[in-house]
Structure formats: structure tokens, C-alpha cells
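Counting the sequence shown from 1 gives a position; our numbering is that position plus 475.
Presented below is the structure to which this report refers.
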Amino acid sequence: MTVPSSQFSPLWQALKKISSLICLLCLFLAVFGPSLAPYNVGEVVSKNIFAPVSEQFLLGTDYLGRDNLSRILNAIRYTVGLSLTASVLASCTGTLIALTAVMSPKWLEEIIIRLVDALISIPSKMLALVIVAGFGSSIHLLIITAVIGYAPGAFRIAYSLALSQHELEYVQAAKIRGESPVYIAVREILPNILNPVLADFGLRFVFIVLLLSGLSFLGLGIQPPNADLGSLVRENIGGLSQGAVALIAPAITIGMMTVAVNLVIDRIAEQRNQH
């Protein structure tokens, strides 16, 4: 992601710094947000549905008259928590399988690659819809679904990086010294591919946020009484014609979160290239 004109460079760098603050804020709210909520998440606090922003309700009320700020503070925990957990598992699983494939005999490496290619050929959203529709939408299943859908992509990135490192002299020297495959993978190859793997982890997070939000919007994600940001958009779709804050606020939160993570990834990549 680059800006063509240098005159916008200071603004671009400022946006990247702001994006880091947004990411930290999202993590903070994921941990402490529910404690900061002014009202109970399920409490009906107003007779007016889709009430506008006011001193009493900073983000208005939703389709049942519940405080929208309280709903969003609770929803961020589910969106960030589930997406972060699934992203970590997907990246770790993909990287582990990639290192295993690189250090395995050729026949086993080919089997692993073919199995992963078969999974990659299935669109992740279609796979998620089939799994969730068939087995339900518990929190654990949503995480497993996201991992199955996005671990193959993490494998592809990590495998290509690990394979290029595997052919270098320092790895061959470790083999000559008699080091074990596990030692070579963990102590020699992994440290040299870690930065791009971490950048890809950020992309996995964005993809999974959008996947889980999409499932929730379709009614296949987090189920009541719990709600993530996608659920809030679905619940308040009736306020679309009124431009209800209850609909707009969670949608903007999803957008800001995904854009901020992308900008942070871009900033990390720039800093890595400078070194």
C-alpha cells in the first residue's frame, strides 16, 4: 500500500501512527471494554428505538432501546478475541506444517502440499458456510472454522519462505554438523522467516475479522444473547433508512479496525526494509 505523491508522505506516516493507536485501543477495549460499559449489555434503557446520539446515550440506542455504546464495547471483545485467537492458531498451524513439509522426505512433503492445495482450492467463505450450517455456530466451532479456512494460506507463505531458506548454505552447514531436523527448523529457518510470517499474521487477522463479521451478519456467527460487531449490524439493519447510529457505528468500527491493522502491517514492512 503506497502513496504515489511525496507531498502526502507526512500525512501517510501520521495515519500509520494513528493506526497503531487504534489497534492498541481495540486490544484495550477487548480486555476492559465490558467493564467500561455504562449499562448492562442486554438492558433496555429507553422506550425510543434507534434514538439519536445524546448526552445520556453517547451512541444512541438500538432496535430494542438498548444502549448502543454498551453493546459495541461488549461486541469488540468477541470480534477481537475470536479473530485474534483464530489468527494465532491459523498462522502457527500453517507455519508448523510448512516447516514440517520442508524438513520431511520428498514423498511426505508432496502429500502435505497436495492436501493443503486441496483445502486452498475451496473458497474460505464457502467452507465456513458449509461447516457452520452443518454443525452449528458455537464459539469453538467458529474458531476452528476460521483456522481451517485460513491456515492453508499461512502455510503457503511460510512454505515458500522456508523452502528458499532451506537451500542456503547456513542450513546445509547445520545438516553437515549433524543437527536434527527440529533444531534446523526452529533455530535456523524460523528466525529468518519470522518477520514476513508476522506480517502475514496481520492479514490473517483482517481476513478472519471480515469472515466472522460476515457470518454474524448472515445469522450464522455469534448467537444471542452474545453479539459481535457483525451481529450488531444485522440486528439494526432496520435502521438503515433512518441512518441509525446503531447500524453505522459497528460497521465503521469494523472498517477502522481492518484498515488500521493493514496500515500497521505496512508500517512494519517499511521499518523492516529500512534495516
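Built from N, CA and C at the ideal position, the CB exists for glycine as well.
Around the Cβ of Pro580, are there at least 16 other Cβ atoms within 10 angstroms (buried) or fewer (exposed)?
Within 10 angstroms of the beta-carbon of Pro580 lie fewer than 16 other beta-carbons, which makes it exposed.
Apart from the five residues on each side of it in sequence, which residues of its chain come closer than 7 Å, Cβ to Cβ, to Leu715?
For Leu715, where only same-chain residues beyond five positions count, the Cβ hits under 7 Å are Leu722.
Using the three-state DSSP reduction, which class does Arg652 fall into: helix, strand or coil?
Reduced to three states, the DSSP call for Arg652 is coil.
Can you tell which of Gly628, Leu643, Ala593 and Ala735 has the C-alpha that lies nearest to the C-alpha of Cys498?
For the set Gly628, Leu643, Ala593 and Ala735, the Cα lying nearest the Cα of Cys498 is the one of Ala735.
Check for me: the alpha helix (DSSP H) holding Arg552 runs from which residue to which?
From DSSP, the alpha helix (DSSP H) with Arg552 extends over Asn543 to Met578.
Buried or exposed for Lys491, please, with buried defined as at least 16 other CB atoms from any protein chain shown within 10 angstroms of its CB.
Buried, by the Cβ-count rule.
Cβ contact check for the stretch 694-713 and the stretch 610-624: 3 or more pairs under 8 Å
Verdict: yes, contact present.
Is it buried or exposed for Gly718, if we count other Cβ within 10 angstroms and need 16 for buried?
Gly718 is exposed by the Cβ-count criterion.
Terminal residues of the alpha helix (DSSP H) in which Ser639 lies:
It spans Ile614 to His641 - the alpha helix (DSSP H) in which Ser639 sits, taken as one unbroken run.
Helix, strand or coil at Val734 [DSSP, three-state]
It is helical.
How would you label Pro627, buried or exposed, when you count the other beta carbons within 10 angstroms and need 16 or more for buried?
The residue in question, Pro627, is buried, as its Cβ has 16 or more Cβ neighbours within 10 Å.
According to DSSP, simplified to helix, strand and coil, what is Val708?
Assigned with DSSP and collapsed to three states, Val708 falls in helix.
From Glu496 to Ala505, what does the alpha carbon distance come to, in whole angstroms?
According to the sequence provided, residue 496 is Leu. The question's Glu does not apply to it. Taking the straight line from one Cα to the other gives about 14 Å.
Looking at Ala512: is its Cβ nearer than 7 Å to the Cβ of Ser566?
Here Ala512 is not near Ser566, since their CB atoms are 7 Å or more apart.
Taking all protein chains shown into account, decide if Met732 is buried (16 or more other Cβ within 10 angstroms of its Cβ) or exposed.
Buried, because 16 or more other Cβ atoms sit within 10 Å of the Cβ of Met732.
Within 7 Å of any Cβ in chain C, is that where the Cβ of Leu690 sits?
Looking for chain C here will not work: only one protein chain is present.
For the pair the stretch 512-521 and the stretch 537-547, tell me if three or more CB-CB distances fall below 8 Å.
Judged by Cβ distances under 8 Å, the stretch 512-521 makes contact with the stretch 537-547, as three or more pairs qualify.
Taking the alpha-carbon of Ser635 as reference, which of Leu687, Met578, Ile551 and Asp741 has the nearest alpha-carbon?
Comparing Cα-Cα distances from Ser635 to each of Leu687, Met578, Ile551 and Asp741, the minimum goes to Met578.
Give me, in chain order, the residues of the same chain whose beta-carbon lies closer than 6 Å to that of Val591; leave out the 5 immediate sequence neighbours on both sides.
For Val591, the CB contacts under 6 Å within the same chain, skipping 5 residues up- and downstream, are Pro627 and Phe630 in chain order.
CA-to-CA distance, Val681 to Pro671, given in whole angstroms:
Cα to Cα, the separation comes out at about 16 Å.
At what residues does the alpha helix (DSSP H) containing Glu585 begin and finish?
Taken as a continuous stretch (DSSP letters only), the alpha helix (DSSP H) holding Glu585 covers Lys581 to Ile595.
Pairing CB atoms from the stretch 699-715 with CB atoms from the stretch 548-565, are three or more of them under 8 Å?
Flag = yes, the stretch 699-715 and the stretch 548-565 touch.
First through last residue of the alpha helix (DSSP H) which encompasses Ser495
From DSSP, the alpha helix (DSSP H) with Ser495 extends over Ser484 to Leu511.
Taking the alpha-carbon positions, what's the Ser510 to Leu502 distance?
Ser510 and Leu502 have their alpha carbons spaced roughly 14 Å apart.
I'd like to check one pair, Ile664 with Gln647: are the Cβ atoms closer than 7 Å?
No, these two residues do not count as a Cβ contact at 7 Å.
Let me know the secondary structure DSSP gives Val681 once reduced to three states.
Here DSSP, grouped into helix, strand and coil, assigns Val681 to helix.
Close-in-space but distant-in-sequence residues of the same chain around Pro479 (CB under 7 Å, 5 per side omitted):
Bear in mind that a pLDDT of 49 at Pro479, under 50, signals an unreliable position, so the number given afterwards is only what the model happens to contain. Counting only Cβ-Cβ distances below 7 Å, and skipping sequence neighbours, we find nothing.
Where Arg679 falls, given that 16 or more other Cβ within 10 Å makes a residue buried:
By the 16-neighbour rule on beta-carbons within 10 angstroms, Arg679 is buried.
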